[in-house]
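Respectively, the protein sequence lines represent chains A and B. So the first sequence is numbered by full-length UniProt numbering: it starts at 1 and just counts up by one. So the second sequence is numbered by full-length UniProt numbering: it starts at 1 and just counts up by one. Take a look at the structure set out below.
There are 2 protein chains.
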Amino acid sequence: MSKPRAVYLQSGGPTAVLNASAQGAIETARKRGLSMYGAFDGLAGLLEDRLCDTDAVSDEAIAQLAFMPGGSFGVSRRMIGSFAEAGDDWRRLREVLARHDIHYLLVNGGNGSLGCAERLAEFERHMGYPLKVVGIPKTIDNDLVGTDNSPGYGSSAKFLASAMREVGLDMTSMGWGRVFIMETMGRHTGWLAAACAAAARNEREAPHLLLLPEVAFDAERFLAAVDDRLARFGQCAIAVAEGITDADGRFVAEAKKSEVYGHEQLGGAGHWIAQLLLRERGISAHVAQVDYLQRAGGHLGSSMDVRQAYIMGERAVEWLLAGKSGVMAGIKRIQNHPYCWDVEEVPLAVVGDQEKRLPPEYIGADGFSVTPAFLDYVRPLMEGERIPPFKDGLPDYRPIAWPKV
Amino acid sequence: MSKPRAVYLQSGGPTAVLNASAQGAIETARKRGLSMYGAFDGLAGLLEDRLCDTDAVSDEAIAQLAFMPGGSFGVSRRMIGSFAEAGDDWRRLREVLARHDIHYLLVNGGNGSLGCAERLAEFERHMGYPLKVVGIPKTIDNDLVGTDNSPGYGSSAKFLASAMREVGLDMTSMGWGRVFIMETMGRHTGWLAAACAAAARNEREAPHLLLLPEVAFDAERFLAAVDDRLARFGQCAIAVAEGITDADGRFVAEAKKSEVYGHEQLGGAGHWIAQLLLRERGISAHVAQVDYLQRAGGHLGSSMDVRQAYIMGERAVEWLLAGKSGVMAGIKRIQNHPYCWDVEEVPLAVVGDQEKRLPPEYIGADGFSVTPAFLDYVRPLMEGERIPPFKDGLPDYRPIAWPKV
């Protein structure tokens, strides 16, 4: 009798710990006697029967996934609609699954991808083909509903807050009058920009202002706040989420595009803020656009994040083998001091296609800061340093050439 | 009899290891019975008699300088002209030095600051006041003449090359057609952009193109090279120095400013390149502007860089006490495999106000790459990982409150 077989896929933007979830899933499958295929390029590869055999890869290579940023199998933003909307995709999928005798599906992704997983949990009902589907959360944006935090967020938060603390020391060296703007990811939510606040051990330390998508941008209030910080601290370090919006809910970077530059867009929210400061105050600010660096920073992963990512993958496999389907492995916080958490089953219906913004109780009354409750929330997620092996002065990542099926 | 006394100052932009040179100087002074003052904010603070007493700070606090980015004493870009040009400054300086009985000066800075040190080495001749002056090299730009490399460069090179390798993994996950642009510092020289090349272990790995100030930017050749990399590798990661110029020697970011946007400047060379790709190829590239992150990255210092920075500070103090003046501690490379180096005395007249560009033998024939000789040059400078202590998930830098004199 051949082993039962699962297929694992990675979907959406990579994180520094996405591959740690793959490692957790694969190592657990090996222990449990489950054969594990991987789909290249997420749902796209699955639908096109582009699969690989993880069983043929050495334990040593799998162990390295703990350190490696990116998505080792390849990701895509290919989604799959409901049976009613996308019946052709469902039939193609049945062919692929049947061809390889796959009856377990692991979807490691963000809210859109987990929405697909939710729909595919109905596969047996619609297609008469037994398929168990379990989700593994992943996103640096931390916007997944149903889990206290998402694997990927803690390492990006650690990268950004470390950078903010370091730049704060650099700015302080340079004396009075400096303004620095660090643009973080976060198209709709401010979790990443907010994490920068962990860098400040007192009000003098960077960052001095946060600009969050959850708070409508008001230029007058912002400029007054910059004036205030420059007067009090001689400097102003700003963390701005790429997705800040004006009072009408329009992205400021889009407002810029239409009003100032026609169709030519350069830079994003960070440069837009710099432009505003130049025009209204004559201040020439430095801008860092961290871009992909903040989600690929495997040289300084959060140990907690890596561990949670691993355990989510592990638990997802155990649940599949226990016959569960239509659920995601979620993180439940039990307490803050000391941080204590557990894994819980979350129905995919709760998670899919939803978005969790920073709640009001995490945002400071001035709209430019976070509350102590948020700092209690974020700190444990950045805890511990997961440093990869280095060779010739650089992180020694060794991409796996997954053997095609 | 009171101890002889030196004053140490930091000048120009900070680096991740500038404070390691301060540590080397201070610890050596303690061993040798030399009293060491520091000047706040470089030459500005020295001329204004804003000094601090490093002797009053604990050994434990001094030891932490090894890890701390920024310039702990504060920096400025204040320079001092020749005696003929700036006699008032020289007279003010004599008053300050005499008031504190200081007869030794340590200038830790880049080419402009070391030019000042060169002029001040003539202090006794012009002012009749005995003053020994020794320089300690510092710059992430690596553009100092007279030393094989400059402390500060290795750590920035390590940060940038690590980031490029990590982003390369992220891009590879996302499949075909991606273009990523990382803008590095380097207004006149390409040492930092070139260092990114160390990330690639083969031609498929990022970066695929380097844009260096030493090679005039040619849009047609560049676009053809992007087309080629996309066709061959499905992606194109580009490291661009902020100071690339066109055939007339104008900065492309300035050309942009005048021709396209009037007086409003957003972004720099990286965004200018992105704009070009959008206009000429319809490619929407991601841009990272690393900005201060690349020179403040104390969370991942190069051990070799930290060590060299320390030894430069140590040796400068020993030379002062041996009666030397008008020299800088320079690094002399003895061999590459294994890397072997020594310290040598370099006359400040060789160093001051000069600039070392990437030599032709380090630039690939296509103008978009570096040679194996450059990789042999840069790799040892990034060697070893100097990780600071962490607390609550972040680097635990503890700024020193230097006691004012």
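Using N, Cα and C, we set each Cβ at its ideal position, and we do this for glycine too. Treat the numbers as computed from the prediction; the structure is a model and nothing was measured.
Residue range of the unbroken alpha helix (DSSP H) whose run includes residue i
i: isoleucine 102 of chain A; result: Per DSSP, isoleucine 102 of chain A belongs to no alpha helix (DSSP H) and is neither H nor E.
i: tyrosine 8 of chain B; result: From DSSP, tyrosine 8 of chain B is part of no alpha helix (DSSP H) but of the beta strand (DSSP E) over 5 to 10.
i: leucine 230 of chain A; result: 219 to 233
i: leucine 120 of chain B; result: 111 to 120
i: proline 372 of chain B; result: 372 to 378
i: alanine 316 of chain B; result: 303 to 321
i: lysine 31 of chain A; result: 18 to 32
i: leucine 212 of chain B; result: Leucine 212 of chain B -> no alpha helix (DSSP H), and no H or E assigned at all.
i: aspartate 59 of chain A; result: 59 to 63
i: leucine 276 of chain A; result: 269 to 281
Chain A within 7 Å of residue i, Cβ atoms only
i: arginine 379 of chain B; result: yes
i: proline 338 of chain B; result: no
i: leucine 375 of chain B; result: no
i: valine 167 of chain B; result: yes
i: glutamine 235 of chain B; result: no
i: methionine 382 of chain B; result: yes
i: tyrosine 292 of chain B; result: yes
i: valine 75 of chain B; result: yes
i: residue 475 of chain B; result: With chain B running from 1 to 405 in the structure shown, residue 475 of chain B is simply not present.
i: phenylalanine 390 of chain B; result: yes
i: aspartate 248 of chain B; result: no
i: tryptophan 402 of chain B; result: no
i: histidine 286 of chain B; result: yes
i: histidine 188 of chain B; result: no
Boundaries of the beta strand (DSSP E) in which residue i is found, first to last residue
i: isoleucine 334 of chain B; result: 327 to 335
i: aspartate 353 of chain B; result: From DSSP, aspartate 353 of chain B is part of no beta strand (DSSP E); its letter is neither H nor E.
i: alanine 288 of chain B; result: 286 to 289
i: valine 167 of chain B; result: Where valine 167 of chain B is concerned, there is no enclosing beta strand (DSSP E), although the alpha helix (DSSP H) it sits in stretches over 153 to 173.
i: threonine 184 of chain B; result: 178 to 184
i: valine 405 of chain A; result: Note, valine 405 of chain A: premise wrong, no beta strand (DSSP E); not H, not E.
i: methionine 36 of chain B; result: 35 to 39
i: aspartate 392 of chain A; result: Run containing aspartate 392 of chain A: none; DSSP gives neither H nor E here.
Beta-carbon proximity of residue i to residue j, cut-off 7 Å
i: glycine 24 of chain B; j: tyrosine 310 of chain B; result: yes
i: tyrosine 104 of chain A; j: lysine 138 of chain A; result: no
i: glutamine 308 of chain A; j: proline 151 of chain A; result: yes
i: phenylalanine 159 of chain A; j: glutamine 294 of chain A; result: yes
i: threonine 184 of chain B; j: alanine 241 of chain B; result: yes
i: leucine 43 of chain A; j: valine 351 of chain A; result: no
i: glutamate 314 of chain B; j: valine 327 of chain B; result: no
i: serine 173 of chain B; j: valine 75 of chain A; result: yes
i: alanine 157 of chain B; j: valine 17 of chain B; result: no
i: leucine 277 of chain A; j: alanine 288 of chain A; result: no
i: glycine 154 of chain A; j: methionine 304 of chain A; result: yes
i: threonine 189 of chain B; j: arginine 77 of chain B; result: no
i: arginine 5 of chain A; j: aspartate 101 of chain A; result: yes
i: threonine 147 of chain B; j: isoleucine 331 of chain B; result: yes
i: residue 415 of chain A; j: serine 72 of chain A; result: Lying outside 1 to 405, the shown extent of chain A, residue 415 of chain A is not represented and no answer is given.
i: isoleucine 244 of chain A; j: leucine 209 of chain A; result: no
i: aspartate 246 of chain B; j: phenylalanine 217 of chain B; result: yes
CB contact below 7 Å: residue i versus chain B
i: histidine 263 of chain A; result: Reliability of the predicted coordinates at histidine 263 of chain A is poor, the pLDDT of 39 falling under 50, and the value obtained from them is presented with this limitation in mind. For histidine 263 of chain A, the answer is no, since every Cβ of chain B falls outside 7 Å of its Cβ.
i: glutamate 259 of chain A; result: Its pLDDT being 48, under 50, glutamate 259 of chain A is placed unreliably by the model, and nothing is read from it.
i: glutamate 318 of chain A; result: no
i: glutamine 289 of chain A; result: yes
i: aspartate 305 of chain A; result: no
i: leucine 266 of chain A; result: Because the pLDDT at leucine 266 of chain A is just 48, under 50, the model does not fix this residue reliably, and the point stays unresolved.
i: glutamate 48 of chain A; result: no
i: alanine 22 of chain A; result: no
i: asparagine 19 of chain A; result: no
i: glycine 71 of chain A; result: yes
i: arginine 30 of chain A; result: no
i: glycine 393 of chain A; result: yes
i: serine 11 of chain A; result: no
i: glycine 45 of chain A; result: no
Original post:
Using 8 Å as the threshold, is the segment 82 to 101 of chain B in touch with the segment 62 to 73 of chain B, meaning 3 or more CB pairs across them?
Top reply: no
**OP:** Count the C-beta pairs between the segment 389 to 405 of chain A and the segment 243 to 252 of chain A that are closer than 8 Å, then say yes if the count reaches three, no if not.
**Re:** no
Original post:
Taking any Cβ of chain B, which residues in the segment 173 to 185 of chain A have a Cβ under 7 Å from it, in chain order?
Top reply: Ser173, Met174, Gly175, Phe180
**OP:** Quick one: which residues of the segment 206 to 233 of chain B get their C-beta closer than 8 Å to a C-beta of chain A? List them in chain order.
**Re:** none
Subject >> Contact between the segment 193 to 205 of chain B and the segment 356 to 372 of chain B (3+ Cβ pairs under 8 Å) >> reply: They touch, by the three-pair rule.
**OP:** For the segment 162 to 171 of chain B and the segment 294 to 304 of chain A, state whether three or more C-beta atom pairs, one from each stretch, are separated by less than 8 Å.
**Re:** yes
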